[in-house]
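Here the structure comes first, spelled out in structure tokens, and everything after it is commentary.
Residue numbers (the working numbering): 9 to 718.
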């Protein structure tokens, strides 16, 4: 009986083996197909997201490259340009909470696609004022505009100019005033940048979360690294595009370029700033198209189906048993709300987190302000054109930043540096970076010799008051305006604010080739036998300035690399010194604090500080102060670099405090770990698995505008 029963069981078991094997073959084949479709879908999403990161980084960096162009075109001060620049962060903050929470419940790829459309609409809106505010008008005396009528720049008598011509010119000015009632079109630039911030909001949180949900766990870090790499490449093309557009005249396609009497080297030149925004807007539209055809869900990778950690979106999927789940979800929500305040108290009770947060806020204040006005500083300090300034930043500085970020991560992985070592590396990179920045104080150019502003008409360096300084005995017989800014270069090497204030009596030629003669103010420093002539445009800076600019570039690149090395160690310090279940919350508070306390205010107060160094303000056609025409080079250097260094130095003190707290905790912490093997709130011991498991988390963290730093 026992034998027969065994035979029977073998018979039944043998009969049931075949169907099981077939189903297993089916499941294996379906799993392989599912894996292929999953990999294909996630790679398409990865390519689309990488392109979007490139597009948003390009448009953001292009805005930085056009700051001086916008300032001149709309005749606004640097402080107002700072408000425009900070509006992006404001738009982002308005929607970040709603998008991050509700976006996980909805169709994430389509929300990203909608964000791209909003971002492109904002980019197009920035360019719109060019088509509505009329042609750009720069200051030139009549003889350079119309070569058929020779008019003396120094109008000793109104009879020199026919009355009808004066009336016509006055009528044009009055008509201009009526139009300039709508010259506050810079508001459209501000609103467009605000829209850009709103549209950019879903890209980072929803895109990274989508990859983390549906990518194979081993590949997630690599995918996110590819996305971040494209985000760093974007600014290179953004600044190079800014360099190209800065060489093109602002009204290209609308006016005859042969009639333009200034070149891209002229201080009144405004490039085709709007053209780059149209290009960036088209790129943003193209980047958003693939997301409208991507699925809401992708097949889960085989290795993650049985994982205890569900995807972000699966938490919001409602099954058929809604009644039971609704009551349960309400209880969970109440429990989560009840945990919010204790979590916040726990987070802010961590001294390492608070000290590092304060250090980061000050550090980013210095870097954001420095990067925002770096093209302007190069132009004003070293006499370079906008095109060359943007070219240098895009081709030299941005790659140095990318290489520095990569080097920081490589050092951390290669040497298995602990949290205490990460704090030391972050502090060391900041210290040496700001130390190198200190050397830039010695690499500036002296003020150009501008009669009545930086030197007197007799050549002495003593500056007179602004109102009286522009007028002298040599131009007392001329009918000049102190509001004009049409600089000329006398053969004595001194720049004069206008041909009239230089006392020039005659001119020859037209447009860019105009030569001025019998300039009484130029003749003061010349021998009587000289002709006292002058040419259009300001004089070049001193002979030492090109050499100083070269030194500046070398130190700037080394500084950019040195400061960027500490980025990744700083983030590891942030992640390892908080409790695991508070990581997402801590990163959210960190990003919010950086945006609110650094991203928005830094461009504003840097702009206000830079405005205090202005020597000659432009004037609008209907009165009122316009954009600054000439800065005090020495004062600008001390304000720009000084403010950056002061903020950086204070941040170093907070970093030192972080290191002190970590060292104080490290000894007893190591004893605790060796005793019971448990991990504390801030582990300084090297652990290989910690580095492996947190690689993808480190990559997904967001460094606000890290691609445009320095």
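For each residue, glycine too, the CB sits at the ideal point set by N, CA and C.
Closer than 8 Å by C-beta to residue 66: which residues in its own chain qualify, once you throw out the five before and the five after it? Chain order, please.
Result list for residue 66: 242, 243, 245, 246, 249, 288 and 291, in chain order.
I'd like the span of the beta strand (DSSP E) that includes residue 496, first residue to last.
In the DSSP annotation of this structure, the continuous segment of the beta strand (DSSP E) that includes residue 496 starts and ends at 496–498.
Report the start-end ranges of each beta strand (DSSP E) in the segment 422–486 that is 3 residues or longer and not cut off at the edges.
With a minimum length of 3 residues, no continuous beta strand (DSSP E) run stays inside the segment 422–486.
State the start and end residues of the unbroken alpha helix (DSSP H) segment that holds residue 256.
Unbroken run through residue 256: none, as it is neither H nor E.
Based on Cα-Cα distance, which residue from 146, 479 and 99 lies nearest to residue 204?
The candidate whose alpha carbon is nearest that of residue 204 is 99.
Under a three-way DSSP split, which group does residue 276 fall into?
Note: residue 276 maps to coil in three-state DSSP.
Which same chain residues end up closer than 6 Å to residue 64 when comparing Cβ atoms and leaving out the 5 residues on each side of it in sequence?
Correct list, in chain order: 208.
Whole-angstrom distance between residue 224 and residue 437, CA atom to CA atom
Distance between the alpha carbons of residue 437 and residue 224 is about 35 Å.
So, does the segment 419–437 touch the segment 595–602, judging by three or more C-beta pairs under 8 Å?
Contact between the segment 419–437 and the segment 595–602 is not established, with fewer than three Cβ pairs separated by less than 8 Å.
Once the 5 residues before and after residue 389 are set aside, which same chain residues still bring their CB inside 7 Å of it?
452, 453, 641, 644 and 645.
How would you label residue 469, buried or exposed, when you count the other beta carbons within 10 angstroms and need 16 or more for buried?
With fewer than 16 neighbouring CB atoms inside 10 Å of its own CB, residue 469 falls in the exposed class.
Determine the extent of the beta strand (DSSP E) in which residue 513 is found, giving its start and end residues.
512–516 is the extent of the beta strand (DSSP E) around residue 513.
Can you tell me where the beta strand (DSSP E) holding residue 543 begins and where it ends?
If you look at residue 543, you'll find it in the beta strand (DSSP E) that goes 542–544.
Sort out for me which residues DSSP pairs residue 627 with in a bridge.
Assignment of beta-bridge partners to residue 627 by DSSP yields 633.
Could you pull out every residue in the same chain whose Cβ sits closer than 7 Å to the Cβ of residue 635, ignoring the five residues on either side in sequence?
So the qualifying residues of the chain are 79, 80, 83, 84, 85 and 626.
For residue 682, three-class secondary structure by DSSP
Because the pLDDT of residue 682 is 43, which lies under 50, any placement of that residue in the model is unreliable, and the question is left without a value.
Between which two residues does the alpha helix (DSSP H) holding residue 614 run?
Where residue 614 is concerned, the enclosing alpha helix (DSSP H) stretches over 609–619.
Could you check the C-alpha separation between residue 472 and residue 559 for me, to the nearest Å?
Since pLDDT at residue 472 reaches only 43, below the 50 mark, its modelled position is unreliable, and the value read off the structure follows with that caveat. Taking the straight line joining both Cα atoms gives about 33 Å.
Which word fits residue 75, buried or exposed, when buried means at least 16 other C-beta atoms lie within 10 angstroms of its C-beta?
The residue is buried, with at least 16 neighbouring Cβ atoms inside 10 Å.
Taking the CB atoms as reference points, tell me whether residue 62 and residue 239 lie closer together than 9 Å.
For residue 62 and residue 239, yes; Cβs fall inside 9 Å.
Can you tell me whether residue 238 is helix, strand or coil according to DSSP?
Helix.
By the three-class DSSP mapping on this structure, what secondary structure does residue 638 have?
Here residue 638 sits in strand by DSSP.
Just how far apart, CA to CA, sit residue 462 and residue 91?
C-alpha of residue 462 to C-alpha of residue 91: approximately 30 Å in a straight line.
Rounded to the nearest angstrom, how far is the Cβ of residue 297 from that of residue 54, given a contact under 8 Å?
Going by Cβ atoms, the distance from residue 297 to residue 54 rounds to 16 Å, so no, they are not a contact pair.
Residue environment, residue 672, which counts as buried when at least 16 other CB atoms sit within 10 Å
Counting Cβ neighbours within 10 Å, residue 672 comes out exposed, since fewer than 16 surround it.
Anticipated Cβ contact below 8 Å, residue 258 with residue 669, distance rounded:
Actually they do not touch by this definition, with Cβ atoms about 54 Å apart.
Excluding five sequence neighbours on each side, which residues of the same chain lie with their C-beta closer than 8 Å to the C-beta of residue 578?
Excluding residues within five positions, the ones whose Cβ falls inside 8 Å are 364, 368, 430 and 434.
For residue 254, the nearest candidate out of 230, 282 and 601 (CA to CA)
Measuring from the Cα of residue 254, the nearest candidate turns out to be 282.
Using a Cβ-Cβ cutoff of less than 6 Å, which residues in the same chain neighbour residue 722 once the five nearest sequence positions on both sides are dropped?
Here the chain comprises residues numbered 9 to 718, so residue 722 is not present and cannot be evaluated.
So residue 269 packs on residue 206, CB below 8 Å; how close in whole Å?
Actually they are not in contact, since the Cβ atoms of residue 269 and residue 206 sit about 41 Å apart, beyond 8 Å.
Tell whether a beta-carbon distance below 9 Å holds between residue 386 and residue 565.
Remark: C-beta atoms of residue 386 and residue 565 do not approach each other more closely than 9 Å.
Whose C-alpha, out of 576, 88 and 51, is nearest the C-alpha of residue 608?
Nearest C-alpha to residue 608: 88.
Keeping to the same chain, check which residues put their C-beta closer than 6 Å to that of residue 527; ignore five residues upstream and five downstream.
Counting only Cβ-Cβ distances below 6 Å, and skipping sequence neighbours, we find 510, 511, 512, 540 and 542.
Where the alpha helix (DSSP H) containing residue 398 begins and where it ends:
Looking at the DSSP string, the run of the alpha helix (DSSP H) that includes residue 398 is 394–400.
Distance between beta carbons of residue 576 and residue 416, contact taken as under 8 Å:
Yes, residue 416 and residue 576 are in contact; Cβ-Cβ is about 4 Å, under 8 Å.
Integer-rounded CB distance, given that residue 477 should sit under 8 Å from residue 460
Beta-carbon to beta-carbon, residue 460 and residue 477 are separated by about 4 Å, close enough to satisfy the 8 Å threshold.
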